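Reading through the structure tokens given below for one structure.
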Amino acid sequence: MGSSASKTAQAAGSAARRYPSKAGPATSIPKPTNASRATPSPPQQQKPPMPRASGSRNAAINEDASDPDFARSLRSIGPVQPNPTLSPSSIFPSTGQPNANQRSGPDPRQNPALFVLERRAKLQEQADREAIETGTRGHEGRQFLEMYLIKQILQARDQAGKKPEEIERAMGLKAGVVARLGSAGTVELPSEMGRAQKQVEIV
1 MGSSASKTAQ AAGSAARRYP SKAGPATSIP KPTNASRATP SPPQQQKPPM
51 PRASGSRNAA INEDASDPDF ARSLRSIGPV QPNPTLSPSS IFPSTGQPNA
101 NQRSGPDPRQ NPALFVLERR AKLQEQADRE AIETGTRGHE GRQFLEMYLI
151 KQILQARDQA GKKPEEIERA MGLKAGVVAR LGSAGTVELP SEMGRAQKQV
201 EIV
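In the UniProt record's numbering, the protein residues as written are 1 to 203.
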């Protein structure tokens, strides 16, 4: 009983499901061909090489560094002749015969500054030698005097009224040293002012 459609549905529900035992052909994605990949790329412009520093000079460097106007002016001037100098340490050598009349500098014998320095050095040597020989046998007496000793000589001669020979014998001076100070009044002691000490004054 019943309709045929319901019978068909029942028969289909009771039947077991069957699955395929082999896999069907899979769909494949087409690979791009070589023609599609070999598209021409735009041409690249070649850049000029960058200049690099060089440790050696070449013709291009010399030409770039040269100044034609300056070189032309130097060639027109010619070699420069240095001025003659009087310094003995910087005399230029000469290939010719030396000039007998040419002098390398002022004569040291006519230089008053050098003469004063030499004379002072000799007097200092004599004073040092006298200080060593003072008090020894055969010493003639002192002739290089300090300011304090000159003050004592003037006090003994001008204020105490002693004779030069007596002063020289008492102070161990060389004969004639007191006379070298001049007569009375040439060198004298100033008067005391306040706490100032007496000093020798040359009138």
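In this text, a Cβ means the ideal position worked out from N, Cα and C, and glycines have one as well.
Fair warning: this is a prediction, and the values are worked out from it, not measured in the lab.
Boundaries (first-last residue) of the alpha helix (DSSP H) holding residue i
i: Asn62; result: Ala59 to Ala65
i: Phe70; result: Pro68 to Ile77
i: Val116; result: Pro112 to Glu133
i: Ala170; result: Pro164 to Met171
i: Gln152; result: Met147 to Leu154
Outcome for residue i when other beta-carbon atoms lying within 10 angstroms are tallied against a minimum of 16
i: Glu165; result: exposed
Rounded straight-line distance, which links the Cα of residue j to that of residue i
i: Gln126; j: Leu189; result: 28 Å
i: Asn58; j: Gln110; result: 59 Å
i: Arg75; j: Pro68; result: 11 Å
i: Leu114; j: Gly161; result: 42 Å
i: Asp64; j: Ser73; result: 18 Å
i: Gln124; j: Glu118; result: 10 Å
i: residue 252; j: Ala170; result: As displayed, the chain neither begins before 1 nor continues past 203, which places residue 252 out of reach and without an answer.
i: Ile77; j: Gln46; result: 49 Å
i: Asn62; j: Pro79; result: 22 Å
i: Asp107; j: Asp128; result: 30 Å
i: Ala121; j: Gln155; result: 31 Å
i: Phe70; j: Pro112; result: 50 Å
Beta-carbon proximity list for residue i, same chain, < 6 Å, skipping 5 on both sides
i: Leu181; result: Val187
i: Ser66; result: none
i: Ala184; result: Asp158
i: Ser21; result: none
i: Ser56; result: none
Contact check, residue i vs residue j, beta carbons under 8 Å
i: Ile167; j: Arg157; result: yes
i: Arg142; j: Gly176; result: no
i: Phe144; j: Glu133; result: no
i: Lys116; j: Ile153; result: A small correction: the amino acid at residue 116 is Val; Lys does not occupy that position in the sequence shown. Contact flag unset, no.
i: Glu140; j: Lys174; result: yes
Spatial neighbours of residue i in its chain, beta-carbon cut-off 8 Å, leaving aside the 5 residues before and after
i: Met193; result: Only weak support is given to the placement of Met193: the predicted model assigns it a pLDDT of 48, under 50, and the value that follows is read from those uncertain coordinates. Nothing listed; no residue qualifies.
i: Gly138; result: none
beta-carbon residue i near the ligand ATP non-hydrogen atom, thresh 7 Å
i: Gly138; result: The ligand ATP is not among the ligands present in this structure, which contains no ligands whatsoever.
7 Å CB neighbourhood of residue i in its chain, flanking five on each side removed
i: Ala60; result: none
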